[in-house]
Amino acid sequence: MRITVIALGKIGLPLAVQFASKGHEVLGVDVNPTVVGLVNKGEEPFPGEARLAEKLAELVAAGRLRATTEYSEAVPGSDAVVMVVPLFVNDDTWEPDFGPMDSATMSLAENLTPGSLVSYETTLPVGTTRDRWKPLLEEVSGLREGDDFHLVFSPERVLTGRVFDDLRKYPKLVGGMSAEGAVRALDFYRAVLDFDPRPDLARPNGVWDLGSPEAAEMAKLAETTYRDVNIGLANQFGRFATEHGIDIFQVIEASNSQPFSHIHRPGIAVGGHCIPVYPRLYLWSDPDATVVRAARRPTWQCPLTPSTCWRRATGR
């Protein structure tokens, strides 16, 4: 296949490398000419991703992966286009900033040709694929979704630093706008990914069709929002325990000895790129989610020294 990956960041570039490693021709698009230049030299533009440097150098040298700043060079004639442009959230209003994604989608649509599968992997509020990207792609391209091209949502579920391992570990979720689009997406991801056996799952590890883009959008928001709410609850327990001279870590260990309790450890903050942000995308979709909103408020400060608190919170 000829595959286009839009945005060669810490998720997009490893994805492009993964696709190319399965024997496909991959073109990456990025607005940053420095990133494009480094990729075309076979050099990783950022450190820290396990096995990326050697895989990238090998695939670029073999002619299976290259990068460009021009959508017109990469998108036309692609069998699949994968969008990984980041979606930012305003710190004050908690509203998503669709600007970069809108711009990328319009550039994609201007160069979209019939027969392509378009897959959005960026985490989105529920309904965005159907209500925002489908109309924009159709309006700008003049093509009709379901007839001329197919649109799906398939959230990335990986952590930076271990992308290649996570791609094998977790099921790939797909939600298509149509049954035919879903089949195209299932075939595509099966052709570019490998999966480790997961006997703990109710169905085999692999590509899972969730039936609609909304279901796939919500699945990603639900799994990340669950962590945020759990941390918020743990922090609330931690504040109460501190006020009453109780060791909260001992309490949580005792509670989790029962198989239906999965309380997280409290900590000084909810860190990372994802967990502080994705609950806000869920709230954009479901503004009445009072539990989720309450969990976004800070509730606990570890009474121990910072290093001791960190060790207790992380279990390290």
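Heads up, the sequence shown is in the numbering used here, so the first residue is 674 and it goes up one at a time. Don't be surprised by glycine CBs; every beta carbon is placed ideally from N, CA and C. Given the structure is predicted, the values throughout are model-derived calculations rather than measurements.
Per the Cβ contact rule, the stretch 908-920 is not in contact with the stretch 840-852 (fewer than 3 Cβ pairs under 8 Å). Ser776 counts as exposed, since fewer than 16 other beta carbons sit within 10 angstroms of its beta carbon. Beta-bridge analysis with DSSP links Phe761 to Asp770. Just measuring C-alpha positions, the residue of Val964, Ser930, Val831 and Thr801 sitting nearest Glu890 is Thr801.
For Arg900, the secondary structure class from DSSP, reduced to helix, strand or coil, is helix.
Within the stretch 811-857, the complete alpha helix (DSSP H) runs of at least 4 residues fall at 836-842.
By the Cβ neighbour-count rule, Gly854 is buried, with 16 or more other Cβ atoms within 10 Å of its own. Counting along the chain, Ser792 sits inside the beta strand (DSSP E) bounded by residues Leu790 to Tyr793. Residue environment for Pro960: exposed (fewer than 16 other C-beta atoms within 10 angstroms of its C-beta). A straight line joining the alpha-carbon of Ala747 with that of Ile925 spans about 52 Å. In the three-state reduction of the DSSP assignment, Met779 falls in the helix class, which pools H, G and I. Close CB contacts of Asp770 within its chain, under the 8 Å cut and outside five residues either way in sequence, are with Leu760, Phe761, Val762 and Asn763 (chain order). With contact defined as three or more Cβ pairs closer than 8 Å, the stretch 863-875 and the stretch 773-787 are not in contact.
Under the DSSP assignment, Ala723 falls outside any beta strand (DSSP E); it carries neither an H nor an E label.
Counting only residues of its own chain and dropping the five nearest sequence neighbours on each side, Val690 has a CB closer than 7 Å to the CB of Leu725, Lys728, Leu729, Leu732 and Leu738. Straight-line spacing of the CA atoms in Pro749 and Ile679 works out to 13 Å. Between Pro952 and Leu894, the C-beta spacing is below 9 Å.
Residue state for Leu906 is assigned as helix, using DSSP reduced to three classes. In the same chain as Val704, and ignoring 5 residues on each side of it, the C-beta atoms closer than 7 Å to its own belong to Thr742, in chain order. Between Pro844 and Gly879, the CB-CB gap stays under 9 Å. Ser792 is classed as buried because its beta carbon has at least 16 other beta carbons within 10 Å across all chains shown. Setting aside the 5 residues that flank it on each side, Asp821 is surrounded in the same chain by Pro787, each with a C-beta closer than 7 Å to its C-beta; the list follows chain order. In this structure, Asn929 sits away from Ile919, with a CB-CB distance that is not shorter than 9 Å. One alpha carbon belongs to Trp881, the other to Gly945, and they sit about 27 Å apart. Residues Glu890 of the same chain have their beta carbon placed closer than 6 Å to that of Leu797, with the five preceding and five following residues left out of the count.
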